[in-house]
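Numbering (the working numbering), first residue to last: 31 to 255. A virtual CB, placed ideally from N, CA and C, is assigned to each residue, including glycine.
So this is what it looks like as structure tokens:
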């Protein structure tokens, strides 16, 4: 997907993002509990990067569980950053916002946690493989990378079954499944968990794991030694 297309796409969706995700992503709200459970339990200061932060839904999980954490919300569109600022106004002293294209713009460093929610599938496979090295470099030792994203199965026939189930879910939510499926084929670059973990290991990550998976969506994590 061309980055300008991504920018225009999410600029239009900023105001209705969270409501829309519930209709497009199976068990979207349940995933939040899975992600929150993966966060550290120690009450100390954490420096967090919320990559492709959208309206701040994952940062809200951070602030709720880790009262001393501070976050950088990084997103491509100003509309999304405005939605983040509005949604998390009560945490205004605990975050900063950065607008940019993470494929080419610096993402910062010295993070203890990096979150990427429905973000990395916008990268082509070569871009994503290279970007994992940037994520690794941006983390402190012992840091954790948590992502939820679109995936494909190693077996093409299973992937087609998953797409069929995904379409049934969207239809049950009152959405037009063929509209969103075509957008997905046009704009997204999902990858298998096998390649995902292989490229994370290649970048230096350890303890790679899948904690939740349904159809063509998964929540995974990895750590920097």
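Check                                                                                                                                                    : Outcome
Would the beta-carbon of residue 66 fall within 8 Å of that of residue 104?                                                                              : no
Quick check on the DSSP output: what are the complete beta strand (DSSP E) runs of length 3 or more inside the stretch 77-136, in order along the chain? : 77-81, 100-105, 125-129
Just confirm the distance between the C-beta atoms of residue 142 and residue 77, as a whole number of angstroms; I'd bet it's less than 8 Å.            : 5 Å
For residue 153, which of helix, strand or coil comes out of DSSP?                                                                                       : coil
Per DSSP, what kind of secondary structure is residue 38 in: helix, strand or coil?                                                                      : Unreliable placement is indicated for residue 38, whose pLDDT of 49 sits below 50; no coordinate value is reported for it.
Is residue 90 buried or exposed, if buried means 16 or more other CB atoms sit within 10 Å of its CB?                                                    : buried
Distance, Cα to Cα, residue 196 vs residue 209?                                                                                                          : 13 Å
Have a look at residue 100 and residue 124 and give me their C-alpha separation to the nearest angstrom.                                                 : 5 Å
According to DSSP, is residue 174 part of a helix, a strand, or is it coil?                                                                              : strand
At which residues does the beta strand (DSSP E) containing residue 243 begin and terminate?                                                              : 236-244
Which of the three DSSP states is assigned to residue 250 in this structure?                                                                             : strand
If you reduce the DSSP assignment to three classes, tell me which class residue 59 lands in.                                                             : helix
Grouping DSSP H, G and I as helix and E and B as strand, with all else coil, what is residue 195?                                                        : helix
Near residue 84, which residues of its chain fall below 6 Å by C-beta distance, leaving aside the five closest residues on each side in sequence?        : 47, 110
Rounded to whole angstroms, what's the CA-CA distance from residue 33 to residue 131? Just pull it up for me.                                            : Confidence at residue 33 is low in this model, with a pLDDT of 49, below 50, so the placement of that residue is unreliable and no value is reported for it.
Where does residue 183 land, buried or exposed, given buried means 16+ other C-beta within 10 angstroms?                                                 : buried
Leaving out five residues before and five after residue 253 in sequence, what residues of the same chain have Cβ atoms less than 6 Å from its Cβ?        : 174, 236, 237
For residue 155, count neighbouring Cβ atoms within 10 angstroms of its own Cβ and tell me buried if that reaches 16, exposed if not.                    : exposed
Who does residue 179 pair with in a DSSP beta bridge?                                                                                                    : 248
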